[in-house]
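For reference, the structure is listed below as structure tokens.
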Amino acid sequence: MNVLVIAPHPDDETLGCGGTLIRHVQLGDRVSAIFLTSGELGLKQMPQEEAWRVRESEAQDAAQVLGLADVHFLRCPDWFIGDHIENTASLLRPLLVSLQPALIYVPHVLEWHPDHKAALPVLTMALAPPYAPSPSIRTYEVWTPMSEFDHVEDITGSMEQKLRAVRCYASQLTELHYDRAIEGLNAYRGEMAARRPYAEVFATLDPAIYLPRTETENPE
Numbered sequence: 038m039n040v041l042v043i044a045p046h047p048d049d050e051t052l053g054c055g056g057t058l059i060r061h062v063q064l065g066d067r068v069s070a071i072f073l074t075s076g077e078l079g080l081k082q083m084p085q086e087e088a089w090r091v092r093e094s095e096a097q098d099a100a101q102v103l104g105l106a107d108v109h110f111l112r113c114p115d116w117f118i119g120d121h122i123e124n125t126a127s128l129l130r131p132l133l134v135s136l137q138p139a140l141i142y143v144p145h146v147l148e149w150h151p152d153h154k155a156a157l158p159v160l161t162m163a164l165a166p167p168y169a170p171s172p173s174i175r176t177y178e179v180w181t182p183m184s185e186f187d188h189v190e191d192i193t194g195s196m197e198q199k200l201r202a203v204r205c206y207a208s209q210l211t212e213l214h215y216d217r218a219i220e221g222l223n224a225y226r227g228e229m230a231a232r233r234p235y236a237e238v239f240a241t242l243d244p245a246i247y248l249p250r251t252e253t254e255n256p257e
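Take 38 as the starting number for the sequence shown in our numbering and just add one per residue.
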């Protein structure tokens, strides 16, 4: 099965669903990542192109740890995806056609960060007709824990590997200990949702909700 994770910034894919992506790879799935931005605002002190280079290099290192087949960088403006939904969707659509994912992971829309909020609207627009397939979509949490979810993944066996991938993002760990934070969240999810040491949780989207109705469909 082809699996795709859409990450607004480098590190969101690992923080939000890195353990689950490892499980997909272990099961023989082909897993790809698309980064909507390259997270240049995470390195404000650097020129934009240098920040891109650092953060993209870290993403490629993390992808190797996770076992991803390939990564793609759209380099849309960090923090301002919501102002460029149509353009971002136009960049995303050809990759969807090429990768043909059967399952897509994307941040949930109640995330605090504006780029995280905008990721699902971007994906929805990219999936609009004439794009034909209707992949399954699971939303994941990064900065803002979800209040409701319907899928729980036991990542106990992949947690150590996930943390190694998180620590590939060394430039982002100098001020905030994301590794400590995500280990705590995954431990909480493990205890409360899986009765296991570590877990990640997801909400599955109904295609009838996220896919626009075509003009030929009967509204009845």
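Built from N, CA and C at the ideal position, the CB exists for glycine as well. In this text the structure is predicted, and so the values were computed from the model without any measurement.
| By DSSP, does Thr-181 sit in helix, in strand, or in coil? | If DSSP states are grouped into helix, strand and coil, Thr-181 belongs with coil.
| task | Using beta-carbon positions only, say whether Glu-174 and Leu-242 come within less than 9 Å of one another. | result | A quick correction: the sequence has Ile, not Glu, at residue 174. Less than 9 Å separates the beta-carbon of Ile-174 from that of Leu-242.
| query | Among all the DSSP beta bridges, which residues are the ones paired with Ile-43? | reply | Looking at the DSSP assignment, Ile-43 forms a beta bridge with Ile-71.
| message | Strictly by DSSP, which residues pair up with Cys-205? | response | Bridge pairing for Cys-205: absent [DSSP].
| field | Distance CB(Ser-18)-CB(Val-102) smaller than 9 Å | value | The question about residue 18 has no answer here: the residues shown for the chain are numbered 38 through 257.
| task | On the DSSP bridge assignment, give the partners of Ile-141 in chain order. | result | According to DSSP, which records beta bridges pairwise, Ile-141 is partnered with Leu-41, Ile-174.
| With contact counted as at least three CB pairs below 8 Å, one residue from each stretch, are the stretch 121-139 and the stretch 210-222 in contact? | They do not touch, by the three-pair rule.
| task | Report yes or no: do the stretch 159-167 and the stretch 193-206 share at least 3 C-beta pairs separated by less than 8 Å? | result | As far as the Cβ criterion goes, the stretch 159-167 does not touch the stretch 193-206, which means the pair count is below three.
| request: Drop a sphere of 10 angstroms on the beta-carbon of Ser-184, count the other beta-carbons inside from all chains shown, and report buried for 16 or more, exposed for fewer. | output: Burial call: exposed.
| message | Nearest by alpha-carbon distance to Gln-137: which of Gly-104, Ser-94, Ala-163 is it? | response | Selected option, being the one with the closest Cα: Ala-163.
| query | Does the ligand GTP have a heavy atom nearer than 8 Å to the CB of Ser-135? | reply | You won't find the ligand GTP in this model; it holds no ligand whatsoever.
| query | Under a Cβ-count criterion, where at least 16 other Cβ atoms within 10 Å of its own Cβ denotes burial, should Asp-152 be classed as buried or exposed? | reply | Buried is the call here.
| message | Could you tell me the alpha carbon to alpha carbon distance between Thr-253 and Pro-166, rounded to whole angstroms? | response | Low confidence applies here, because Thr-253 scores a pLDDT of 40, under 50, leaving its location unreliable and the question unanswered by this model.
| query | With respect to the alpha helix (DSSP H) encompassing Thr-57, which residues constitute its N-terminal and C-terminal limits? | reply | Run containing Thr-57: 49-63, per the alpha helix (DSSP H) assignment.
| request: List the DSSP bridge partners of Thr-125. | output: In the DSSP assignment, Thr-125 forms no beta bridge with any residue.
| Excluding sequence positions up to five away, which residues of its chain have a Cβ less than 8 Å from the Cβ of Pro-46? | Looking at the sequence provided, one finds His at residue 46 rather than Pro. Annotation for His-46: Phe-72, Leu-73, Thr-74, Ser-75, Gly-76, Gly-79, Arg-92, Asp-115, Asp-152 place their beta carbon closer than 8 Å to its own, counting only its chain and skipping 5 residues before and after.
| message | Within 9 Å of any Cβ in chain C, is that where the Cβ of Leu-136 sits? | response | The structure shown contains no chain C; it holds only a single protein chain.
| request: If I'm right that Cys-54 touches Val-62 with Cβ under 8 Å, what's the distance once you round it to whole angstroms? | output: Between Cys-54 and Val-62 the beta-carbon gap is near 12 Å, outside 8 Å, which marks them as no contact.
| Distance CB(Val-238)-CB(Ala-245) smaller than 9 Å | No.
| Which one of Glu-228, Ala-155, Trp-180, Gly-56 has the shortest CA to CA distance from Ala-100? | Closest by alpha carbon: Gly-56.
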